[in-house]
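Residue numbers (my numbering): 420 to 456. Shown next, in structure tokens, is the structure this report addresses.
See below:
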């Protein structure tokens, strides 16, 4: 089964009044059958 290496950029914000930021996550060896929501 083929595997993927993904770079995910996720917006993080603690609450509506706090400053938000983008965090980067490396997801390695993810099966092509995986689902992301």
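Heads up, the beta-carbon is just placed ideally off N, CA and C, and yes, glycines get one too.
Sheet register partners of residue i (DSSP bridge)
i	result
residue 446	425
Residues of its chain near residue i, where Cβ-Cβ distance is below 8 Å and the 5 sequence neighbours each way are ignored
i	result
residue 420	450, 451 and 452
Cβ-based neighbour list, residue i, same chain, cut-off 7 Å, excluding 5 preceding and 5 following
i	result
residue 406	Residue coverage of the chain in this structure runs from 420 to 456, which leaves residue 406 outside it and unanswerable.
residue 402	The chain is shown only over 420 to 456; residue 402 falls outside these bounds and no answer can be derived.
Close Cβ partners of residue i (< 6 Å) along its chain, the five nearest in sequence each way excluded
i	result
residue 448	422
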